[in-house]
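Colleague: When the letters of the sequence shown are read in order and numbered with mature numbering (1 follows the signal peptide of the UniProt record, and there is no 0), they come out as residues -42 to -1, 1 to 265. For each residue, glycine too, the CB sits at the ideal point set by N, CA and C.
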Amino acid sequence: MSWKPVSKSMTFATAPARRLVVLGAGLAVAAAALGAPPAAAAAPPEGAYWHTRAVTTHLHPWRFGSKPDPYSLVERRVSEQWTTPDGRSWYGYRDLGTLPATEKDKKAWQRDGSPAKWGKSIDGKVVKLSTEPAKGHVAPVRGERRQFHLAGQWLTYDEVQRLPADPDRLKDWLSRAGQVGEVPAARLGDWVTSTLPQLLYDLPAPKEVRAAAYQALLTSPKVRQAGAAKDTLGRPGTAVVIDESNGEGKKRTDVTLTLVVDTGRMVLLSRDHLVEIQDKAFPGKSYTETLTDVGWTDAQPAVPALP
């Protein structure tokens, strides 16, 4: 496969993506100020679809069983997305069934008669939960073909290939995109930090751009490298922790996002999103997502298979 350098610099649209303006179609507000950034080599797609598959697990916010002997449940779902280089997308998902959260919860569930379905929580809240996996669905994403979404803009495949492959220039590019998208100046730095991990899985960016995103992430405030780690499947990687705190006292909320990154391939393996309010976990907002597949594929969209 031949690699051809691209000298054309990226440009910004005059409006954010919610106004349906595609990146590169409007005023070049950044090119003159930045000069021509070092562009990653543009290669043709390595498959028919850019494909991601993720298994998400989260603790259900309510308790089940009886008040004297309650237990918690974990919900699981697999989701997949396929996008062609010209912007056609398909999305598939499948509920994988609900299970007791821990061994202690499992014993309480067994004492409850090992139910396979739940219609109400202890407090009488109506639910529809089952231990059995669902059939699942897959369908094309309807609406205007918008290609790849990043930093509030829609990018073509070629524009994704031309993203800056230098950490500082990539952060500068994202900052300018945020300004175009009217992100408040006080939030711009955190917004760039939250956007960078997207380049490690969601778009078909060249490895050089993914590496730049990883290095840029490590230089961001509130981010720390936590050394060697393994994801839920036991795959080795490097942990990166992003800490965010909001409010004080009774209104204090702490959000910890732990990423496990395969620094050889420069792709995201998993992310653990923990929300705590006054040092107590908030189950409804916390989850773990494991990306089992990130990359090109020729396999056509289909109902997600069971793990």
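#1: By the three-class DSSP mapping on this structure, what secondary structure does L264 have?
#2: Could you give the C-beta distance for T221 and G185, rounded to a whole number, given that I count them as a contact under 8 Å?
#3: Only counting the same chain, and skipping five residues up and downstream in sequence, which positions put a Cβ closer than 6 Å to that of L57?
#4: What's the gap between the Cα of S(-41) and the Cα of V118?
#5: Which residues mark the beginning and the end of the beta strand (DSSP E) in which K75 is found?
#6: What number of angstroms, rounded off, separates the C-alpha of Y29 from the C-alpha of G23?
#7: Return the first residue and the last residue of the beta strand (DSSP E) that R168 is part of.
#8: Classify D63 as helix, strand or coil using the three-state DSSP reduction.
#9: Could I get the ranges of all uninterrupted beta strand (DSSP E) runs contained in the region 178 to 203, with 3 residues as the minimum, in chain order?
#10: Quick check on R223: does DSSP put it in helix, strand or coil?
#11: Is it true that the CB of A6 sits closer than 8 Å to the CB of P164?
#12: Can you tell me whether A(-13) is buried or exposed? The criterion is at least 16 other CB atoms within 10 Å of its CB, across all chains shown.
#13: Tell me whether the beta-carbon of P125 lies closer than 8 Å to the beta-carbon of A174.
#14: Under the rule that 16 or more other beta-carbon atoms within 10 Å means buried, what is Q68, buried or exposed?
#15: Cutting at 7 Å between CB atoms, please list the residues of its own chain near P179, excluding the five before and the five after it.
#16: Let me check understanding here. Comparing Cα to Cα, which of A59, G253 and V167 lies closest to T15?
#17: Taking only runs that begin and end inside the region 28 to 64, name each unbroken beta strand (DSSP E) of 3 or more residues, in chain order.
#18: Report the residue from A123, W149 and E38 whose alpha carbon sits nearest the alpha carbon of R134.
#19: So the candidates are A170, P91 and P162; which of them puts its Cα closest to the Cα of P262?
#20: Helix, strand or coil, according to DSSP, for T89 in the structure here?
#21: Just mark L264 as buried or exposed, buried being the case when its beta carbon has 16 or more other beta carbons within 10 Å.
#22: Ignore the nearest five residues each way along the sequence and tell me which others in Y245's own chain have a CB closer than 7 Å to its CB.
#23: Taking only beta-carbon atoms, is T10 less than 8 Å away from chain C?
Modeller: Reading it off the structure:
#1: coil
#2: Not quite, the Cβ-Cβ distance comes to about 12 Å (not below 8 Å), so this is no contact.
#3: V32
#4: Summary for S(-41): the model assigns pLDDT 30, below 50, so the residue's position carries little reliability; its value from the coordinates is reported in the next sentence. Distance between the alpha carbons of S(-41) and V118 is about 18 Å.
#5: K75 to K78
#6: 6 Å
#7: Looking at the DSSP string, R168 is not in any beta strand (DSSP E); the run it does join, the alpha helix (DSSP H), is K165 to L176.
#8: helix
#9: 181 to 188
#10: coil
#11: no
#12: At A(-13), the pLDDT of 39 sits below 50, so the modelled position is not reliable and the matter cannot be decided from this model.
#13: yes
#14: exposed
#15: G147
#16: A59
#17: 28 to 41 and 47 to 58
#18: W149
#19: P91
#20: coil
#21: exposed
#22: T14, T15, H16 and H231
#23: Note that chain C does not occur in the displayed structure, where there is just one protein chain.
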